[in-house]
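Residue numbers (my numbering), protein chains in the order written: chain U, 1 to 269; chain E, 1001 to 1269; chain Z, 2001 to 2274; chain G, 3001 to 3274. Quick reminder that beta carbons are idealized off the backbone N, C-alpha and C, glycines included. Quantities reported herein were computed from a predicted structural model and do not represent experimental measurements. One structure below.
Shown next as structure tokens:
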């Protein structure tokens, strides 16, 4: 059963140096507050997993939290490059960053295999692409019925998955809706699951397009209103598109980035 | 785009002798009215696919519509045997019935592969069971990353899938909710999709736990209120458990069965 | 799941309660003891029929927080009356979450998240393997048809442990299965590991006569408890193989009034807590 | 999708509109023509950035029934203003259905249900293969990092056809890709079939200078149309390989006032139909 904890306690208990951590949310419901808490606690050497390592991972990577990134598209959506990600990959600043790079279809299926506790998933993918040459988690498998060769991708099973959701009840049952992305799969693929929520309610009311994670599939819930900002939580907030645009000049410059992180993350709480 | 047709026209246009037809609905939303229309039109030599060939397939099989059955559990849920199914398998009455038999997990994944247009799906299944000995659609595949041997099941891609749903709008977009079973997968695995609905509405309102099939993924919609009876449509009807119990004595006897079908199906419309 | 065994209602248990004027039936003894066997489990994948009655009874008595999971796609169903089928509307209406059938099998069952799988059976052998597919009726007759596998093979493979509940007769407890639908302990110790089956497999078979449990050394089912009023010989007689009997056979506790009231209310459609 | 190409805004097209006092920009020419290219398609898998602007413009002009599908999991989005990201809330709020990301890729894209995939790119070669992964910056410098594949490899593989839209420059249209992220026509005719790619692949590359289409015989991109005010030599000059030019190069129709009004309203956040 999920325990309801403070964000600080939950991060300290669930996430450790060297862990493989997935923080998911496809543009929507991105767990920024939890990422900031990881940075404040100085947790490091993480393998970070995320289909779209956008601004949230730019911040983690720029602060030197990650030694490895597993991903499929690393940009600031609608704005441009992730400058901290590029600086780490191109120049090793503040530390080198290993990459395991996939397509979205491949990453989505890696989570599906992880959630299903299968060692791999099959897809029609990567054909003719150079991507398999750079990854040890892409292979092929032959259909035993038709002889067709298909792509196989290795399951992802994070030590911890962190997501943000709209609501939990006092038992720790979690409900999210809107663009639900790959969060269910990422959560079910992990050994431990931390969910930050906008609100803790007495009873979860059925809601269209909602995903419910029962309490017994969640490790800890932390009440963190606006914990997805500058991303958003449908029904609670809208995407702060201006912040994403403002991030471009902040993140271009190492010093400007560090100053911003000091002011808005390290010295905040 | 789905066309809105009468049940009679839709069945006549979409379903032909010798087709592979899946009629899905896991206890809930079983398309009985469409099955009765198939019987009335004398369509025959079908390969019938269904995870739980309960009373609906007992009727089709007993009327000699099917030459082959692909399934995973054939009983009258909560009541007992399917006597027409047993009579066909054990005694070849009214005609022999070939079987391709799976577990639920295997059948569900065969539909998933079909909907994904992959030739097969992988699961941890059938280990130690005698089922693979009797089926040509169960094999094994080896994980290219771990070397583990897993079960592979061949995709199911019916010529036609028939389902019942609560609502469609005038554009042919379909909405169903409650126990949604494997209907989305069965529909997306098929070449043609026929949906009977309780109601045709101006606009589909978002509803908790609903599946929406867009009009461009559906071939035809027919307005058939109570088209799932004696099964049910959540929000419109309740399961007629008494009918399922009454079916047991009706179906035990060939003559009683035929008399019932004559009165309630062949001479009805 | 398979609730359409060929066992006649009451079965071999109908001559059980002949010791004293007891106010319960053999089936009630079986269901009450099956419900008790769920103690300590949080999540239960429920087969229809006898397992469903037992799991629902457990939720009404000692295990109010038991999470019931049905293969129709419901997580955390809380029905107020016993569902006839695994797809009765109330299972969805009262659930914490409703998911698709592929999801329930892939993300929830196969992933090994579920504490206990609760199965019925048509035929069981000494290693708690199950046949629900076909019955051999002899060389001149066609096979007798059973409903088939349903969810059982993967429930027995993936849940942390498995409970089985069925009526005790020589027809159900056989020397050799006509068909292995679902593996319990295979042909003995080590077989589950060799086959790569995740959970520990069947830990108890609860019948209307008593309880069988696998020997920790040999994995063979051993009679460990009889129900009040049942004799050991009676169980041996109702078993199609030479049944091993534990050195000290226990006697199960008689049903309490609360258990019986809850069970009867469940079956009659009422809610004893209402 | 990749909207973070390295092309400067305006790009090579900024010196295009020098023939007459025209009231449109090269980017508007590109987007209007990209929108027109969607005619006859019912369903479109939309990359963010230039493809999203074009697909939304098509829905506002000639193709009001165009079904927009975003990899964030929306089927049939009808946004009233241009989304900045593929995950803006309005995409979900206005959709016919919202599904998970695995489902959008497996059941909808991979299954080959979608008429047209609309992609941007950082680098394109003469066979309309795409690089959005890394740029070779020479032997003494580390590779330049691009965003990565996103959905592109499987969009290009699975949609019935593919449209591409990007600004025309020698940096974007290269002799040899530094990395093949996404296959267009591979190394020529027959390659898609050999690789088992379902759809027919790229059928047009729409730029701010004109339109390139694959030669039916060789699959090599050929300049088939220029935009009003653009010279053929200008396009050849802005292409990093020796660009083949069709025997008769057409000139695209100038944008209509309705197209320009709809595009500008979309970009400014208003709804011209409101």
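For residue i and chain Z, any beta-carbon pair shorter than 7 Å?
{"i": "residue 153 of chain U", "result": "no"}
{"i": "residue 3 of chain U", "result": "no"}
{"i": "residue 1214 of chain E", "result": "no"}
{"i": "residue 173 of chain U", "result": "yes"}
{"i": "residue 165 of chain U", "result": "no"}
{"i": "residue 1249 of chain E", "result": "no"}
{"i": "residue 270 of chain U", "result": "Beyond the ends of chain U as shown, which are 1 and 269, falls residue 270 of chain U; an answer cannot be given."}
{"i": "residue 1060 of chain E", "result": "no"}
{"i": "residue 1036 of chain E", "result": "no"}
Measuring alpha carbon to alpha carbon, tell me which of the options ends up nearest residue i.
{"i": "residue 242 of chain U", "options": "U:234, U:254, U:233, U:229", "result": "U:229"}
{"i": "residue 3180 of chain G", "options": "G:3133, G:3216, G:3112, G:3235", "result": "G:3133"}
{"i": "residue 2121 of chain Z", "options": "Z:2166, Z:2056, Z:2185", "result": "Z:2166"}
{"i": "residue 3124 of chain G", "options": "G:3117, G:3171, G:3062", "result": "G:3171"}
{"i": "residue 2062 of chain Z", "options": "Z:2204, Z:2256, Z:2215, Z:2182", "result": "Z:2256"}
{"i": "residue 1173 of chain E", "options": "E:1196, E:1189, E:1076", "result": "E:1196"}
{"i": "residue 1180 of chain E", "options": "E:1171, E:1256, E:1165, E:1192", "result": "E:1165"}
{"i": "residue 50 of chain U", "options": "U:263, U:200, U:186, U:235", "result": "U:186"}
{"i": "residue 3104 of chain G", "options": "G:3086, G:3190, G:3073, G:3083", "result": "G:3073"}
{"i": "residue 1040 of chain E", "options": "E:1024, E:1007, E:1019", "result": "E:1007"}
{"i": "residue 155 of chain U", "options": "U:133, U:188, U:109, U:143", "result": "U:109"}
{"i": "residue 2138 of chain Z", "options": "Z:2178, Z:2131, Z:2130, Z:2053", "result": "Z:2178"}
{"i": "residue 2215 of chain Z", "options": "Z:2203, Z:2208, Z:2226, Z:2209", "result": "Z:2203"}
{"i": "residue 144 of chain U", "options": "E:1140, E:1015, E:1116, E:1206", "result": "E:1140"}
{"i": "residue 94 of chain U", "options": "U:67, U:133, U:138", "result": "U:67"}
Could you check whether the Cβ of residue i sits closer than 7 Å to any Cβ belonging to chain E?
{"i": "residue 146 of chain U", "result": "yes"}
{"i": "residue 20 of chain U", "result": "no"}
{"i": "residue 119 of chain U", "result": "yes"}
{"i": "residue 3096 of chain G", "result": "yes"}
{"i": "residue 3070 of chain G", "result": "no"}
{"i": "residue 55 of chain U", "result": "no"}
Of all the CB atoms in chain C, is at least one closer than 7 Å to the CB of residue i?
{"i": "residue 1129 of chain E", "result": "Included in the structure are the protein chains U, E, Z and G, with no chain C among them."}
Beta-carbon of residue i versus every beta-carbon of chain G: anything under 7 Å?
{"i": "residue 975 of chain E", "result": "No information on residue 975 of chain E is available, as it lies outside the stretch 1001 to 1269 that chain E covers here."}
{"i": "residue 182 of chain U", "result": "yes"}
{"i": "residue 225 of chain U", "result": "no"}
Does residue i come within less than 7 Å of chain U when only Cβ atoms are used?
{"i": "residue 1207 of chain E", "result": "yes"}
{"i": "residue 2112 of chain Z", "result": "yes"}
{"i": "residue 2076 of chain Z", "result": "yes"}
{"i": "residue 1222 of chain E", "result": "no"}
{"i": "residue 2127 of chain Z", "result": "no"}
DSSP puts residue i in a beta bridge; with which residues?
{"i": "residue 81 of chain U", "result": "U:75"}
{"i": "residue 3117 of chain G", "result": "G:3045, G:3162"}
{"i": "residue 2069 of chain Z", "result": "Z:2045, Z:2075"}
{"i": "residue 122 of chain U", "result": "U:152"}
{"i": "residue 3123 of chain G", "result": "G:3131"}
{"i": "residue 3173 of chain G", "result": "G:3124"}
Heavy atom of the ligand ATP less than 6 Å from the Cβ of residue i, yes or no?
{"i": "residue 3217 of chain G", "result": "In the structure shown, the ligand ATP is absent, as is every other ligand, since no ligand is present at all."}
| message | With a threshold of 8 Å, are at least 3 pairs of Cβ atoms found where one atom belongs to the region 2133-2149 of chain Z and the other to the region 1061-1078 of chain E? | response | In this structure the region 2133-2149 of chain Z touches the region 1061-1078 of chain E; the number of beta carbon pairs closer than 8 Å is three or more.
| field | Runs of beta strand (DSSP E) lying entirely within the region 1085-1114 of chain E, each at least 3 residues, in chain order | value | Those beta strand (DSSP E) runs which fall completely within the region 1085-1114 of chain E and span 3+ residues are 1098-1101.
| task | State whether the region 3152-3171 of chain G contacts the region 3102-3116 of chain G, with contact taken as three or more CB pairs (one from each stretch) at a distance under 8 Å. | result | Contact between the region 3152-3171 of chain G and the region 3102-3116 of chain G is present, because at least three Cβ pairs lie under 8 Å.
| said: Quick check on the DSSP output: what are the complete beta strand (DSSP E) runs of length 3 or more inside the region 2202-2253 of chain Z, in order along the chain? | reply: Fully enclosed beta strand (DSSP E) runs of 3 or longer: 2202-2206, 2210-2214, 2221-2226, 2244-2251.
| task | State whether the region 1210-1221 of chain E contacts the region 1043-1051 of chain E, with contact taken as three or more CB pairs (one from each stretch) at a distance under 8 Å. | result | Pairwise C-beta distances place the region 1210-1221 of chain E out of contact with the region 1043-1051 of chain E, as fewer than three of them are shorter than 8 Å.
| query | Does the region 3192-3206 of chain G come within contact of the region 122-130 of chain U, defined as at least 3 CB pairs closer than 8 Å? | reply | Touching, yes.
| message | If we require 4 or more residues per run, which alpha helix (DSSP H) segments fall completely within the region 1164-1217 of chain E? | response | You should have 1183-1189.
| field | Completely contained beta strand (DSSP E) runs for the region 1133-1161 of chain E, where each covers 3 or more residues | value | Secondary structure within the region 1133-1161 of chain E: the beta strand (DSSP E) runs of 3 or more consecutive residues, fully enclosed, are 1138-1142, 1149-1154 (chain order).
| request: State whether the region 2262-2270 of chain Z contacts the region 3215-3226 of chain G, with contact taken as three or more CB pairs (one from each stretch) at a distance under 8 Å. | output: Touching, no.
| said: To test your reading of the DSSP string, which unbroken beta strand (DSSP E) runs of 3 or more residues are found completely within the region 22-77 of chain U? | reply: You should have 46-50, 66-71.
| Meets three-Cβ-pair contact criterion under 8 Å: the region 3066-3082 of chain G and the region 3036-3055 of chain G | Yes, the region 3066-3082 of chain G is in contact with the region 3036-3055 of chain G.
| Which ranges would you report for the alpha helix (DSSP H) in the region 2078-2108 of chain Z if only whole runs of at least 4 residues count? | Segments of the alpha helix (DSSP H) lying fully in the region 2078-2108 of chain Z: 2089-2093.
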